[in-house]
Amino acid sequence: MRRSWVGAGVASLLVTGLTAPPIAATQPAADTTAQATVAPNPKIDETCGLDATLILDASGSINSAHAVNTVRTASKDLIAALKDTNSTLRVTQFATLGSLAVGGGQLSPRVPVNATTAGTGGQLSNAIANYYTPPPQRPSDVTISPSNRNLTTTNWQDGIKAIDRPELAIFVTDGDPNAYNSGAKHVTISNSSSGASLDNAITEANIVKTAGTRMLVVGVGNGITSNASKERLKKISGPVLATTPTALVGKTINDVDAVAFSDFAALGAFLRSVVTSLCGNSVTIQKLAQTSSGADYVPATGWDVTVQPTVSGGFTWVTPTGPDNSAQTLPTSGAQGTAAFQWKPKVASQKATVQVSESVNSGFTANRWTCEIKTSSGSSSTVSGNLTQPSFQFDMNPSDVATCKLYNDFNYAPDMTVTKVARDNPVRGNADGWNQQYTFTVTNTGNSARTITKPGDPQCSSITGPTGPGSSTGKLAPGDAWQYTCAAKIGPVATVTTPLSKTNTVTVTGVPPKGTAITRTAQAIVDIKTPRINIVKTAKKAGSDPPVVIPDGGTVAAGTRVTYVYTVTNTGNDVLNLVRASAVTD
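Structure, rendered in structure tokens:
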């Protein structure tokens, strides 16, 4: 999410191959005093909103100390503190195996830390529940010496190897290393914590640090507090080690490389202090707005938010940069639709009154706001209200972390048109009738997507469709049109001499994301023709004046000249053109 201060130089080192190899494992270091050189621990930006990885020791000593649930609770404290700060988190575990374990030791992939991922059933929540149940398992192609059953030793190297490349890796362990990767698919358990087990861990940590990730190593429990153990913690992090869970109080994340303390119960407070050191005196605003395609409130970008802290004694801006004591404006951005503000009071103990305002985008109406204010002790409070003017304010104690959500309604203006067109017009309705086809076109002329009910037409034997943009989604987008076709039989009808027509009406209902459904109708009028002619034929004696009509079936003398007269009458309701006798036979 952010780049480390030494990131550019790190990239060059990796490309030119100046780092140590990923695993010096095919030729492991001997079980003697570690000789690997410790790489510097890179500094990271001291601002809120980071990519972090939490690496949890799942070795047998955690269970022996009855600390599994305590580690879970502490991890939850970290997640709660990070929630809605525009941060991401990945969670892994290690014991004898880490990267070589089933699933690579991963409990959760990298996800945003928000109410969904941290809540019940969320990926981070599930990750913590699944920690140590069971410890990392051995795939069938991985071997462990001296026994494949020994899954709960402490392999720092393979735990570190599973780290991706976040800004901050929080490595939690309760014991010295006593296993190492001795091959691509092989782990050796050692009796020494100062030979290959440590050397290979240092090499792996160097790779992570040289890539720009800051290592924060947390040693907790009675097994990690000796001077020798503390030195080993420093070798996979950096030279500054503190021995109290309050090590970060009043300091920054770059001031401490490692901590070592015996009380598991203090782990949660320390992990919370990691967030406070980065996010204290900050407000992260998330914009949630309805959209033209749905009434749910979803993260939205491009909304300008202004924050004005008021602090007795004044303050300086950390992010964004700006004049002391000024108001600053940022647009919401990123997948979570956030804008992050952080300041540093000139007098550390001073509270802040924070004024938040937004510029409401066209087509929207301000709705409400809610802010969770989290303290370094782990407690939190929530303040909320309606967005008026639209702005609001709240108070924060020193080092508090506030995460706010601003909700905006979309101004729905639903509308649509429906047209209906007959394929044939006019049609013949007598004889066998006519197989007609109608086309319905539904156009969304409103400003929001809508669900279209299947058109209703009582005279159609079948209706097919829709076809058109987005028809497979079930939502008709603004400006788009869908088409349906309908098959209908017209007639047969009795032959008439007067005009005849058929009116066919279709009804369509569109349901917007929010508000009242709209119903529209359309008609198609089809002229029905019933063509028919009547022919009367009469015979007359030629030469008589007036002509003498020969009755039907009558006779005349041989040689009599006879004239035949044909009378053609249009007895239907259609115009008949070019009427002529095509053949005369007697």
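Quick note: the numbering used here has the sequence shown finishing at residue 862, numbered continuously throughout.
Quick reminder that beta carbons are idealized off the backbone N, C-alpha and C, glycines included.
The model shown is predicted, which means the values in this text are computed figures rather than measured ones.
Burial state of residue i (16 or more Cβ within 10 Å)
{"i": "Gly875", "result": "Given that the chain is displayed from residue 277 to residue 862, the structure contains no residue 875 and the question cannot be resolved."}
{"i": "Asp828", "result": "exposed"}
{"i": "Ser820", "result": "exposed"}
{"i": "Pro822", "result": "exposed"}
{"i": "Ala616", "result": "buried"}
{"i": "Thr489", "result": "buried"}
{"i": "Gly499", "result": "buried"}
{"i": "Pro585", "result": "buried"}
{"i": "Val367", "result": "buried"}
{"i": "Ala300", "result": "Only weak support is given to the placement of Ala300: the predicted model assigns it a pLDDT of 35, under 50, and the question is left unresolved by the model."}
{"i": "Tyr840", "result": "exposed"}
{"i": "Asn780", "result": "buried"}
{"i": "Val535", "result": "buried"}
{"i": "Cys801", "result": "What sits at residue 801 in the sequence shown is Ile, not Cys. So Ile801 counts as exposed."}
{"i": "Thr774", "result": "exposed"}
Chain-order list of residues whose beta-carbon lies under 8 Å from that of residue i (same chain, five-residue window excluded)
{"i": "Thr806", "result": "Arg704, Gly705, Asn706, Val769, Ala770, Thr771, Val772, Leu776, Gly848, Asn849, Asp850"}
{"i": "Ile809", "result": "Val844, Thr845, Asn846, Thr847, Gly848, Leu852, Val855"}
{"i": "Gln303", "result": "For Gln303, the pLDDT reaches just 39, beneath the cut-off of 50, and the residue's location in the model is therefore unreliable, leaving the point undetermined."}
{"i": "Tyr842", "result": "Ile811, Val812, Lys813, Ala857"}
{"i": "Val389", "result": "Ile355, Leu358, Lys359, Asp360, Thr361, Ser363, Thr364, Leu365, Leu400"}
{"i": "Ser549", "result": "Pro521, Thr522, Ala523, Leu524, Val525, Ser652"}
Spatial neighbours of residue i in its chain, beta-carbon cut-off 7 Å, leaving aside the 5 residues before and after
{"i": "Gly401", "result": "The sequence given here places Ser at residue 401; Gly does not occur at that position. Correct list, in chain order: Ala394, Gly395."}
{"i": "Lys352", "result": "Ile404"}
{"i": "Ser469", "result": "Asp452, Pro453, Asn454, Arg508"}
{"i": "Asn662", "result": "Arg644"}
{"i": "Phe668", "result": "Val632, Trp645, Gly661"}
{"i": "Ser568", "result": "Phe686, Asn723, Ser724, Ala725, Pro754"}
{"i": "Leu474", "result": "Ala310, Pro453, Arg508, Lys511"}
Within 8 Å, strictly: CB atoms of residue i and residue j
{"i": "Leu373", "j": "Gly381", "result": "yes"}
{"i": "Ala753", "j": "Pro745", "result": "yes"}
{"i": "Pro412", "j": "Ala377", "result": "yes"}
{"i": "Val676", "j": "Lys650", "result": "Residue 676 is actually Asp in this sequence, not Val. Contact flag set, yes."}
{"i": "Ala371", "j": "Thr430", "result": "yes"}
{"i": "Asp580", "j": "Ser638", "result": "no"}
{"i": "Thr693", "j": "Thr719", "result": "yes"}
{"i": "Lys485", "j": "Pro316", "result": "yes"}
{"i": "Thr629", "j": "Gln604", "result": "no"}
{"i": "Arg441", "j": "Ala391", "result": "no"}
{"i": "Ile320", "j": "Glu443", "result": "yes"}
{"i": "Lys817", "j": "Ile804", "result": "no"}
{"i": "Val494", "j": "Phe540", "result": "no"}
{"i": "Ser737", "j": "Ala763", "result": "yes"}
{"i": "Lys778", "j": "Gly709", "result": "no"}
{"i": "Pro621", "j": "Pro674", "result": "yes"}
{"i": "Thr797", "j": "Val787", "result": "no"}
Residues of its chain near residue i, where Cβ-Cβ distance is below 6 Å and the 5 sequence neighbours each way are ignored
{"i": "Lys461", "result": "Asp417, Val418"}
{"i": "Val623", "result": "Gly589"}
{"i": "Trp432", "result": "Pro453, Ala477"}
{"i": "Thr795", "result": "Thr785"}
{"i": "Ser288", "result": "Reliability of the predicted coordinates at Ser288 is poor, the pLDDT of 27 falling under 50, and the value obtained from them is presented with this limitation in mind. Result list for Ser288: empty, nothing under 6 Å."}
{"i": "Asp685", "result": "Gln566, Thr641, Asn643"}
{"i": "Gly570", "result": "Pro789"}
{"i": "Tyr760", "result": "Phe716, Pro731, Ile739, Gly741, Pro742"}
{"i": "Ala506", "result": "Position check: residue 506 holds Lys in this sequence, whereas Ala was assumed. Taken in chain order, the residues that qualify are Leu517, Ala536."}
Proximity test, residue i beta-carbon vs the ligand COA heavy atom, cut-off 7 Å
{"i": "Ser653", "result": "Judged by which ligands are present, the structure shown has none, so any question about the ligand COA falls away."}
Exercise. Would you call the region 338-350 and the region 543-555 in contact, with 3 or more CB pairs under 8 Å?
Worked result: yes
For this session: State whether the region 407-422 contacts the region 440-450, with contact taken as three or more CB pairs (one from each stretch) at a distance under 8 Å.
Result: no
Problem set entry | the region 611-618 touching the region 650-666, judged by at least three CB pairs closer than 8 Å | Output reads no: the region 650-666 does not touch the region 611-618.
Problem set entry | the region 509-524 touching the region 572-579, judged by at least three CB pairs closer than 8 Å | no
Exercise. Should the region 500-514 be regarded as contacting the region 550-563, the criterion being three or more beta carbon pairs within less than 8 Å?
Worked result: no
Exercise. Where are the alpha helix (DSSP H) runs, 4 residues long or more, that stay fully inside the region 527-581, in chain order?
Worked result: 543-555
Exercise. Using 8 Å as the threshold, is the region 327-346 in touch with the region 587-600, meaning 3 or more CB pairs across them?
Worked result: With the rule of 3 Cβ pairs closer than 8 Å, the region 327-346 does not count as touching the region 587-600.
Problem set entry | Contact the region 711-719 vs the region 594-601: 3+ CB pairs below 8 Å | no
Problem set entry | Sufficient close CB pairs (3 or more, under 8 Å) joining the region 351-367 to the region 426-438 | no
Problem set entry | Minimum length 3: unbroken beta strand (DSSP E) runs contained in the region 479-519 | Listed in chain order, the beta strand (DSSP E) elements of length 3 or more contained wholly in the region 479-519 are 490-496.
Exercise. Going along the chain, which unbroken runs of the beta strand (DSSP E) with 3 or more residues stay wholly within the region 706-765?
Worked result: Within the region 706-765, the beta strand (DSSP E) runs of at least 3 residues that lie entirely inside it are, in chain order, 710-720, 726-728, 738-743.
Problem set entry | Segments of 3+ residues assigned as beta strand (DSSP E) that fall wholly inside the region 782-821 | The region 782-821 contains these whole beta strand (DSSP E) runs: 794-805, 809-817.
For this session: For the region 627-701, list the beta strand (DSSP E) runs that are entirely contained and at least 3 residues long, ordered along the chain.
Result: 628-634, 640-650, 656-662, 667-672, 677-686, 692-698
Exercise. Considering only residues of the region 364-416, which uninterrupted alpha helix (DSSP H) runs meet the minimum length of 4 residues and lie entirely inside it, listed in chain order?
Worked result: 391-394, 399-406
Exercise. Which residue spans inside the region 424-459 form an unbroken alpha helix (DSSP H) run of at least 4?
Worked result: 432-437
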